[in-house]
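Residue numbers (mature numbering (1 follows the signal peptide of the UniProt record, and there is no 0)): -24 to -1, 1 to 423.
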Amino acid sequence: MKTIFQRSCLLLGLALACCGTADAQGRTRARLFWQDDADATVRYGDFKRQGNEYSLEAKTIDGFPALDVEEQSLVQMQADSGLILIGVRDQADGTIGSGWVAIESGGVEEPHGDHSHWKFPSAPSVLRSVIDTEQGNPAHLYHYGSSFVLANDKSSGMTITTAQRLRDPKPSADRTTFVLGGGGHITLAIAEDQVAYSTWIDRSGENSGRVDVVGLGSNNGKRYEIRCPSGGLHGATINEGKVFLAPADGVCWVPADMQMTGSADDVEVQHLAIGKGSKDKPLRTGAFANLKNHVLFTAGKEADCRLCWIDASGPSPAISTLLIPLDEAEGLSTPVVLETRDRRKLALTFAENRSDSSKDRLIVVDLDPNDDGNFSDAKQVQSIAVGPNQIEGHSGHHTVTVLPGRRQVALTNPGEGSIWIISLTDFKVAAKFEVPGTPTRLIALGG
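Structural data, given as structure tokens:
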């Protein structure tokens, strides 16, 4: 009986370490931050390794604003220089309270010649927050260069800031800048802090297909409009000096007007068709990802699903496609693209099922198996069963993020309250951690 009891204690101890219910010792490989949709808050945990064991203990962030989970929600979050910015949106066009929260990660990056290491000597803390009825109800938050850019939908503009400005301790500090541009449900691309391309989501009417080109920095005060051939714009990015936009039909692009010398009359918007779906409707995307000179996105539903990419480096960009047909009620998430420690270029996308989330899986595409810089040999190499989603409207989706060192990724399973660690070498699940609530969006800091 004593032997059985000792074995039980050992198994219990290992379980506690795996699930992160004890403050495990070991080296911190990364500090994870994730949104908990159940409580409309952000949690964090230090992902540690000791020997062959991993641990992650979920913790709360002191001072995080209490939100009304029925009326308010967190939107996208971005990180720069150890600071994390999170957008806040409400269900009443910003009349309840919207804005942003800035969090100090508690991490310190130490340069070491051609690389750096992170230490986490302190717990995360709220640096400052602005949540009121004047913030325009943002739905999207971007990170371009060193700038955070919040799309203020109901104010028809954008809030621009940096980690340095947010950290300015002076009471009179000018921490943010508001710039008019875009409308309805805004998506944004910003080139070198000199010009912004801000979209209008209108499908019809005078603002259908409209993109406001807005001068920033030395171009401040200059502006004009361009038009895509179809409306419903949702998605924008920049790569190789070209701006890519996502209207209802295909993808549009224009050269980034860095000097703001163009006008509505002389800028020619180029259109690239993705193709048509089974119902003979033009295919579209809703968001882009960038890997060096390539722009990647997903399009289609169910049997029409595909991963697409554009080599932005040439004078005449074109869309290439890898079909990834899925089952009924399934769709692909926006890809997360990365280069692993051993230089493999991968795209990770979730196949999420809105009818039966137990079928969800993470699809891995090797973008360049022969490593020649051309993605023409791209192929699907893995389909990994994951936990369930908990999709309700725009929330409850899986998220995956690459961990420092680029040997592993972490992903969230909202439907079961878990975070998994997956190897980028053999694509096996290295660890599973139960966490409180409904984990969704996720980022990692460290190195």
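Virtual Cβ for every residue (Gly too), placed ideally from N, Cα, C.
Cβ-Cβ distance between residue i and residue j below 7 angstroms
i: Asp280; j: Pro258; result: no
i: Gly158; j: Thr175; result: yes
i: Leu400; j: Thr297; result: no
i: Glu392; j: Gly363; result: yes
i: Thr325; j: Leu302; result: no
i: Arg7; j: Phe124; result: no
i: Val171; j: Gly197; result: no
i: Gly211; j: Phe264; result: yes
i: Pro380; j: Gly422; result: yes
i: Leu209; j: Ile177; result: yes
i: Thr377; j: Leu418; result: yes
Where the beta strand (DSSP E) containing residue i begins and where it ends
i: Ala165; result: Leu164 to Ala167
i: Pro87; result: Val84 to His88
i: Thr388; result: Gln384 to Asn389
i: Ser31; result: Glu29 to Ser31
i: Ile339; result: Arg337 to Asp342
i: Pro415; result: Pro415 to Leu421
i: Phe23; result: Thr17 to Gln26
i: Ser92; result: His91 to Lys95
i: Asp12; result: Arg3 to Asp12
i: Gln170; result: Premise fails: Gln170 is in no beta strand (DSSP E) and is neither H nor E.
C-alpha distance - residue i paired with residue j, whole-angstrom precision
i: Cys284; j: Pro147; result: 47 angstroms
i: Ala323; j: Trp229; result: 22 angstroms
i: Ala78; j: Ile162; result: 21 angstroms
i: Ala407; j: Thr375; result: 16 angstroms
i: Thr388; j: Asn365; result: 9 angstroms
i: Thr237; j: Gly160; result: 27 angstroms
i: Lys24; j: Arg199; result: 49 angstroms
i: Thr416; j: Gly372; result: 6 angstroms
i: Val102; j: Ser57; result: 15 angstroms
i: Asp22; j: Lys404; result: 21 angstroms
i: Ile398; j: Asp336; result: 15 angstroms
i: Arg19; j: Arg203; result: 41 angstroms
i: Val227; j: Arg5; result: 39 angstroms
i: Ala294; j: Asp402; result: 33 angstroms
i: Gly94; j: Val84; result: Looking at the sequence itself, residue 94 is Trp, so the reference to Gly does not match. Taking the straight line from one Cα to the other gives about 5 angstroms.
i: Arg141; j: Asp242; result: 37 angstroms
i: Thr414; j: Asn195; result: 43 angstroms
i: Pro311; j: Val189; result: 27 angstroms
i: Gly(-12); j: Gly27; result: Only weak support is given to the placement of Gly(-12): the predicted model assigns it a pLDDT of 43, under 50, and the question is left unresolved by the model.
i: Pro145; j: Gln246; result: 46 angstroms
i: Asn183; j: Asp90; result: 48 angstroms
i: Thr(-4); j: Gly262; result: Low per-residue confidence applies at Thr(-4): pLDDT is 41, beneath 50, and the placement is therefore not dependable, though the value from the model is reported in the following sentence. Using only the alpha carbons, I get a separation of about 38 angstroms.
i: Thr135; j: Arg179; result: 25 angstroms
i: Pro412; j: Ala149; result: 37 angstroms
i: Asn113; j: Asn266; result: 27 angstroms
i: Asn350; j: Val341; result: 14 angstroms
i: Ala232; j: Tyr120; result: 14 angstroms
i: Ile(-21); j: Ile60; result: Only weak support is given to the placement of Ile(-21): the predicted model assigns it a pLDDT of 40, under 50, and the value that follows is read from those uncertain coordinates. Rounded to the nearest angstrom, the two C-alpha atoms are 47 angstroms apart.
i: Arg151; j: His88; result: 31 angstroms
i: Lys252; j: Ser352; result: 21 angstroms
i: Thr274; j: Arg282; result: 6 angstroms
Cβ-Cβ separation, residue j to residue i (assumed contact under 8 angstroms), whole Å
i: Arg382; j: Leu314; result: 7 angstroms
i: Leu156; j: Gly133; result: 4 angstroms
i: Glu201; j: Arg186; result: 6 angstroms
i: Gly75; j: Ser105; result: 7 angstroms
i: Ala327; j: Glu306; result: 5 angstroms
i: Gly367; j: Arg330; result: Per the sequence presented here, residue 367 reads as Ile, with Gly not at that position. That belief holds up - the Cβ atoms of Ile367 and Arg330 are roughly 6 angstroms apart, short of 8 angstroms.
Best match in the options for proximity to residue i [C-alpha to C-alpha]
i: Asp318; options: Glu306, Pro345, Leu302 and Leu298; result: Pro345
i: Asp287; options: Lys277, Asp342, Glu216 and Ile162; result: Glu216
i: Ala115; options: Asp233, Gly70, Pro205 and Phe96; result: Gly70
i: Lys321; options: Lys268, Asp44, Leu308 and Thr17; result: Lys268
i: Gly46; options: Ile177, Ile60, Ala14 and Ala327; result: Strictly speaking, residue 46 in this sequence is Glu, with Gly absent from that position. Measuring from the Cα of Glu46, the nearest candidate turns out to be Ala14.
i: Val64; options: Ser57, Gly73 and Gly58; result: Gly73
i: Ala222; options: Gly207, Arg417 and Glu368; result: Gly207
i: Ile339; options: Pro41, Thr377, Ile62 and Ile300; result: Ile300
i: Met234; options: Ala240, Gln246, His247 and Val219; result: Val219
i: Gly290; options: Pro380, Gln358 and His270; result: His270
i: Asp12; options: Ile37, Ser31, Ala6 and Ile398; result: Ile37
i: Ala16; options: Ser92, Asp44, Thr4 and Asn28; result: Asp44
i: Ser98; options: Ser359, Val385, Glu80 and Leu61; result: Glu80
i: Glu29; options: Phe9, Gln1 and Gly39; result: Gln1
i: Ser31; options: Ser292, Ser394, Leu164 and Ala265; result: Ser394
i: Leu164; options: Pro145, Gln67 and Leu117; result: Leu117
i: Leu248; options: Ala240, Asp256 and Ser292; result: Ser292
i: Ser122; options: Ala55, Glu33 and Lys130; result: Ala55
i: Glu33; options: Trp10, Gly39, Gln52 and Val51; result: Trp10
i: Asp108; options: Gln52, Ser352, Ser254 and Ala42; result: Ala42
i: Thr213; options: Tyr173, Glu86 and Lys35; result: Tyr173
Span of the alpha helix (DSSP H), counted from its first residue to its last, around residue i
i: Leu298; result: No alpha helix (DSSP H) contains Leu298, which is instead part of the beta strand (DSSP E) from Ile295 to Leu299.
i: Arg143; result: Ala139 to Arg143
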